[in-house]
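**Q** The listed protein sequences derive, respectively, from chains A and B.
If you count by the numbering used here, then the first sequence holds residues 664 to 816, one letter each, in order.
If you count by the numbering used here, then the second sequence holds residues -5 to 404, one letter each, in order.
Cβ coordinates follow ideal geometry from the N, Cα and C atoms, glycine included.
Attaching a single structure in structure tokens format; questions to follow.
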Amino acid sequence: MELKDLYREIVNEHNLHPSHKGDMEQPSMILNGVNPSCGDDIYLQLKLDENDMVVDGMFNGSGCAISQASADMMLDVIIGKSKDEALKLAETFMGMVRSTADPSEFEALEEAAALESIAHMPARVKCATLGWKTMQRMLRDGESETPVSTENE
Amino acid sequence: MLDVNAIRADFPILQDPRYVYFDNAATSQRPRQVLEAIDSFYRTTNANPLRGLYEWSVGATEAYEQARHTVAEHVNAKEDCEIIFVRNATEALNLVAYSYAMTNVQEGDEIVVTVLEHHSNLLPWQMVADAKKAKLIFLEPQEDGIITEEMLKSAITSKTKIVAMTMVSNVLGKVTPVANAAKLVHAAGAVLVLDGAQGVPHQAVDVQKLDCDFLSFSGHKMLGPMGIGALYAKKALLEKMPPFLRGGEMIEYVTRNSATYAELPHKFEAGTVNAADAVGMAAGIKYLQQVGFEEIEAQEQKLVSILLEGMKQLPYVQVYGPADAALHSGIVTFNIEGCHPHDISTVLDDEHIAIRAGHHCAQPLMEYLQEKCHMEFRATARASVYFYNTEEEAHRFIDAMGKIRKWLGF
Ligand SMILES: Cc1ncc(COP(=O)(O)O)c(C=O)c1O
Chain A
664 MELKDLYREI VNEHNLHPSH KGDMEQPSMI LNGVNPSCGD DIYLQLKLDE
714 NDMVVDGMFN GSGCAISQAS ADMMLDVIIG KSKDEALKLA ETFMGMVRST
764 ADPSEFEALE EAAALESIAH MPARVKCATL GWKTMQRMLR DGESETPVST
814 ENE
Chain B
-5 MLDVNAIRAD FPILQDPRYV YFDNAATSQR PRQVLEAIDS FYRTTNANPL
45 RGLYEWSVGA TEAYEQARHT VAEHVNAKED CEIIFVRNAT EALNLVAYSY
95 AMTNVQEGDE IVVTVLEHHS NLLPWQMVAD AKKAKLIFLE PQEDGIITEE
145 MLKSAITSKT KIVAMTMVSN VLGKVTPVAN AAKLVHAAGA VLVLDGAQGV
195 PHQAVDVQKL DCDFLSFSGH KMLGPMGIGA LYAKKALLEK MPPFLRGGEM
245 IEYVTRNSAT YAELPHKFEA GTVNAADAVG MAAGIKYLQQ VGFEEIEAQE
295 QKLVSILLEG MKQLPYVQVY GPADAALHSG IVTFNIEGCH PHDISTVLDD
345 EHIAIRAGHH CAQPLMEYLQ EKCHMEFRAT ARASVYFYNT EEEAHRFIDA
395 MGKIRKWLGF
């Protein structure tokens, strides 16, 4: 997708009118993710039920449109998925924006698959992956309330 | 009047008219004269300088020392040996910190810096302050970025040992009280370290008139190659300073357990030197001299005026730094309401316009601006021009600026 189309059709909407931005009541986990070099900064909040299903999620913070839109789109896909499914999607997303994943898997990312062209903008990969990395650290590593950084990749 | 088209013809990378390069404060472009000088060094006289006793090595040594002479003359150093070749401004400042400051700063002393500093002129002093239990004193600018002589005066005390200050801020332009700083600093018995990384490429610099003790600059921001830069330092100080790096070339006599050091400047140039790039840096300086700093400054000012005027017409744009175009030194730092600088840079890149976005290696300044000027993000966008940029490019940039908010969904 052409860059300006990507912004116009996908990124701007999620950045300016996010569905999942704000603070939620009683999240099971909360984690701060930062890109110090960009000033991207998000607080990801997830609610999991007793079967490890992601039943709700929100993010708060500020940053570039790509970091904010990507976090919003991520929550669109992972809410209603199991912890394992969410982690599998994170792998797919990370692989997609680094051009190492199999394109046949991108469909599972739903709208987030539109960020595929970020792979051609290496400087923006960190922005796109901030939400996903933060989610990985929460669900895979059990981190909560500690900052996660995507610097030094 | 500058014949910009004739100048541009010298720069191979500027031949594609689709591209507007407005990130000159990060690194400049190089004219063919510089590329040819480097090429010619390797083709005709390459050998290890200062070591061999044969024709090519002698030629390499001569070329290298001639380059030093060009640099020395350019900043009006009294003697060539007051110029130490280093990799860049960062290394020059680290040399001063490790060699001068670590031997002269004691517990309880004060090092004065400004909030504007590039990390290169901050982290070395943080290191010294930590190691020596000295105190870092920060000068904070007015809202327009300017630090007055009065502010500097009141920051200097009898405990001040070093004042380290940029000549030109890579974010805000010419905003520090450089002209009379040395008098104030020396009156307190301290030394003045000027970071000339953004100053030396854009204005005639006379170290004797400035009376600074140290001046750092990088070749790559002034038409030269990457990987070469210089430290100017007063000879009397250099003579008393211990070596920074140790090894080959910088010695006089070595036994199993001891060494004596070579004369200046070689005492500070350990290992095989970067002669080819020093020659390239000198070629860049000669090019700048031929164009002339009056012309260079006039062209930069003209372009900055177009940018400032154009941005004034866009109500959602905030410009940082002084109102006077003459103080910008080619740098215009700005933000657009609602738009993160990285997104601004990304959509401009789609128009083949290159600018810098982010914290510009000046995070304390970003934090300060965020508070003082109510910035939305802890980052800014920066367009920086050089004398080879054209009015047409400036207008193209302003046209694109007018569309950014639309591209980003507003
Ligand atoms: C004001 C200032 N100081 C120091 C530096 C460091 O220069 P270099 O990266 O060439 O060492 C820069 C360049 O980015 C600068 O703008």
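Quick one: is the Cβ of Asn164 of chain B within less than 7 Å of any heavy atom of ligand 1?
**A** As a position in the second sequence, residue 164 of chain B is number 170, starting the count at 1. Checking every heavy atom of ligand 1 against the Cβ of Asn164 of chain B, one is found closer than 7 Å.
**Q** For the stretch 371 to 386 of chain B, which residues have a beta carbon sitting closer than 8 Å to at least one beta carbon of chain A?
**A** Cβ contacts with chain A come from Phe371, Arg372 and Ala373.
**Q** Report the start-end ranges of each beta strand (DSSP E) in the stretch 53 to 92 of chain B that is 3 residues or longer and not cut off at the edges.
**A** Taking only runs of at least 3 residues, the beta strand (DSSP E) segments lying wholly in the stretch 53 to 92 of chain B are 77 to 80.
**Q** Under 8 Å, Cβ to Cβ, is there at least one residue of chain A near His334 of chain B?
**A** Position 340 of the second sequence, counting from 1, holds the residue named residue 334 of chain B. Yes, His334 of chain B lies at the interface with chain A (some Cβ there is under 8 Å from its Cβ).
**Q** Just to check my reading of the structure: Ile77 of chain B and Ala71 of chain B have Cβ atoms closer than 8 Å, yes? What is that Cβ distance to the nearest angstrom?
**A** Working through the second sequence from its first residue, we reach residue 77 of chain B at position 83. Working through the second sequence from its first residue, we reach residue 71 of chain B at position 77. Rounded, the Cβ-Cβ distance is 6 Å, consistent with contact.
**Q** Return the chain-ordered ranges of every beta strand (DSSP E) run that is complete within the stretch 330 to 367 of chain B and spans a minimum of 3 residues.
**A** Segments of the beta strand (DSSP E) lying fully in the stretch 330 to 367 of chain B: 350 to 352.
**Q** Which residues in the same chain as Val(-2) of chain B place their Cβ atom closer than 6 Å to its Cβ, once the five residues preceding and following it in sequence are excluded?
**A** Numbered from 1 along the second sequence, position 4 holds the residue referred to as residue -2 of chain B. Contacts found: Thr384.
**Q** Using a Cβ-Cβ cut-off of less than 9 Å, list which residues of the stretch 783 to 800 of chain A approach chain B; keep chain order.
**A** Correct list: Met784, Ala786, Arg787 and Cys790.
**Q** Measuring only the C-alpha atoms, how far is Glu370 of chain B from Tyr310 of chain B?
**A** Taking the second sequence and counting its residues from 1, one reaches residue 370 of chain B at position 376. Taking the second sequence and counting its residues from 1, one reaches residue 310 of chain B at position 316. About 12 Å.
**Q** 8 Å is my cut-off, CB to CB: does Val341 of chain B come that close to chain A?
**A** The residue labelled residue 341 of chain B in the question sits at position 347 within the second sequence. Yes, because at least one Cβ of chain A sits closer than 8 Å to the Cβ of Val341 of chain B.
**Q** Would you verify that the beta carbon of Leu402 of chain B is, or is not, closer than 8 Å to some beta carbon of chain A?
**A** Against the second sequence, residue 402 of chain B aligns to sequence position 408. With 8 Å as the cut-off, Leu402 of chain B counts as an interface residue toward chain A.
**Q** Does the distance from the C-beta atom of Thr340 of chain B to that of Arg787 of chain A stay below 8 Å?
**A** The residue you call residue 340 of chain B lines up with position 346 of the second sequence. The residue you call residue 787 of chain A lines up with position 124 of the first sequence. Going by C-beta atoms, Thr340 of chain B is nearer than 8 Å to Arg787 of chain A.
**Q** Give the interface partners of Tyr670 of chain A over in chain B, defined as CB-CB distance under 8 Å, in chain order.
**A** Taking the first residue of the first sequence as 1, we reach residue 670 of chain A at position 7. The contacting residues are Asp337, Val341, Trp401, Leu402 and Gly403.
**Q** Can you list the residues of chain A that His353 of chain B reaches, using a CB-CB cut of under 9 Å?
**A** On the second sequence, position 359 is the one that residue 353 of chain B refers to. Those are Pro699, Ser700, Cys701 and Gly702, listed as they occur along chain A.
**Q** Please check the pair Ala31 of chain B and Gly332 of chain B, which I expect to be a contact at CB under 8 Å, by giving their CB distance rounded to whole angstroms.
**A** The residue given as residue 31 of chain B occupies position 37 in the second sequence. The residue given as residue 332 of chain B occupies position 338 in the second sequence. The pair is not a contact, with the Cβ atoms about 47 Å apart (cut-off 8 Å).
**Q** Could you please give me the residues that DSSP links to Lys684 of chain A through a beta bridge?
**A** For the purposes of this step, residue 684 of chain A is identified with residue 21 of the first sequence, where counting begins at 1. For Lys684 of chain A, which the question treats as bridged, DSSP gives the partners A:Phe722.
**Q** Taking 7 Å as the cut-off, is the beta-carbon of Ser733 of chain A closer than that to any non-hydrogen atom of ligand 1?
**A** In the first sequence, the residue the question calls residue 733 of chain A occupies position 70. Every heavy atom of ligand 1 is 7 Å or more from the Cβ of Ser733 of chain A, so no.
**Q** Is it the case that the Cβ atoms of Val298 of chain B and Ala317 of chain B are separated by a distance below 8 Å?
**A** Reading the second sequence from its first residue, position 304 is the one you call residue 298 of chain B. Reading the second sequence from its first residue, position 323 is the one you call residue 317 of chain B. No, the pair does not count as a contact, with Cβ atoms beyond the cut-off.
**Q** By the DSSP assignment, the alpha helix (DSSP H) with Ile741 of chain A in it spans what residues?
**A** Stepping through the first sequence from its first residue, residue 741 of chain A is reached at position 78. Its alpha helix (DSSP H) spans residues Ala728 to Ile741.
**Q** Quick check: the Cα distance between Leu204 of chain B and Leu146 of chain B, rounded to an integer number of angstroms?
**A** Numbered from its first residue, the second sequence carries residue 204 of chain B at position 210. Numbered from its first residue, the second sequence carries residue 146 of chain B at position 152. Each residue's Cα considered, the two are about 16 Å apart.
**Q** How about Asn678 of chain A: is its C-beta nearer than 8 Å to some C-beta of chain B?
**A** Translated into the one-based positions of the first sequence, residue 678 of chain A becomes position 15. By this cut-off, Asn678 of chain A is an interface position.
**Q** Using 8 Å as the limit for Cβ to Cβ distance, is Asp344 of chain B near chain C?
**A** Protein chains in the displayed structure are A and B, and chain C is not among them.
**Q** I'd like to confirm the pairing. Which residues does DSSP put opposite Asn698 of chain A in its beta bridges?
**A** Numbered from its first residue, the first sequence carries residue 698 of chain A at position 35. Beta-bridge pairing links Asn698 of chain A to A:Asp703.
**Q** When you compare the CB positions of Val431 of chain B and Tyr226 of chain B, do they come within less than 8 Å of one another, or not?
**A** No answer is possible for residue 431 of chain B: the residues shown for chain B start at -5 and end at 404.
**Q** Taking 8 Å as the threshold (C-beta atoms), are Asn723 of chain A and Lys684 of chain A in contact?
**A** Along the first sequence, read from residue 1 onward, the residue named residue 684 of chain A stands at position 21. Along the first sequence, read from residue 1 onward, the residue named residue 723 of chain A stands at position 60. The answer is yes: Cβ separation under 8 Å.
**Q** Is it buried or exposed for Glu387 of chain B, if we count other Cβ within 10 angstroms and need 16 for buried?
**A** Residue numbering aside, residue 387 of chain B sits at position 393 when the second sequence is read from its first letter. Buried, since its Cβ has 16 or more Cβ neighbours within 10 Å.
**Q** Starting from the C-beta of Thr55 of chain B, find all residues in its chain whose C-beta is less than 6 Å away, skip the five residues before and the five after it, and write them out in chain order.
**A** As a first step, residue 55 of chain B must be located in the second sequence, where it is residue number 61. The answer, listed in chain order, is Pro43 and Leu44.
**Q** How close, in whole Å, do the beta carbons of Ile705 of chain A and Ser730 of chain A come, if the pair is a contact with beta carbons under 8 Å?
**A** Taking the first residue of the first sequence as position 1, residue 705 of chain A is located at position 42. Taking the first residue of the first sequence as position 1, residue 730 of chain A is located at position 67. Contact holds; Cβ gap of about 7 Å.
**Q** When DSSP labels each residue in this structure, what does Glu816 of chain A get in the three-state scheme?
**A** Within the first sequence, the letter at position 153 stands for residue 816 of chain A. At Glu816 of chain A the pLDDT is 44, less than 50, meaning the model places this residue with poor confidence; the figure from the coordinates comes in the next sentence. Of the three classes helix, strand and coil, the one that applies to Glu816 of chain A here is coil, per DSSP.
**Q** What residues from the stretch 725 to 744 of chain A come within 9 Å of chain B, judged by C-beta to C-beta, listed N to C?
**A** Flagged, chain order: Ser725, Gly726, Cys727, Ala728, Ile729, Ser730 and Gln731.
**Q** Kindly identify the DSSP beta-bridge partner or partners of Met161 of chain B.
**A** Position 167 of the second sequence, counting from 1, holds the residue named residue 161 of chain B. Note: Met161 of chain B sits in no beta bridge, so no partner.
**Q** Nearer than 7 Å: is that true of the beta carbon of Ala175 of chain B relative to any heavy atom of ligand 1?
**A** In the second sequence, residue 175 of chain B corresponds to position 181, counting from 1. Checking the Cβ of Ala175 of chain B against ligand 1 gives no.
**Q** Given a threshold of 16 other Cβ atoms within 10 Å of its Cβ, counted over all protein chains shown, does Asn115 of chain B qualify as buried or as exposed?
**A** Taking the second sequence and counting its residues from 1, one reaches residue 115 of chain B at position 121. Answer is buried; the Cβ neighbour count reaches 16.
**Q** Ordered along the chain, which non-local residues of its own chain (more than five positions away) have a Cβ less than 8 Å from that of Glu773 of chain A?
**A** Here residue 773 of chain A is taken as the residue at index 110 of the first sequence, counted from 1. Same-chain partners within the cutoff: Met736, Asp739 and Val740.
**Q** What is the rounded straight-line gap between the Cα of Tyr247 of chain B and the Cα of Ala253 of chain B?
**A** In the second sequence, counting from the first residue as 1, residue 247 of chain B sits at position 253. In the second sequence, counting from the first residue as 1, residue 253 of chain B sits at position 259. Their Cα atoms are separated by approximately 6 Å.
**Q** Suppose the cutoff is 8 Å on Cβ atoms and the five residues either side in sequence are ignored; what does the same chain contact list for Glu73 of chain B look like?
**A** Start at 1 with the first residue of the second sequence, and residue 73 of chain B comes out as number 79. The residues are Ala66 and Lys229.
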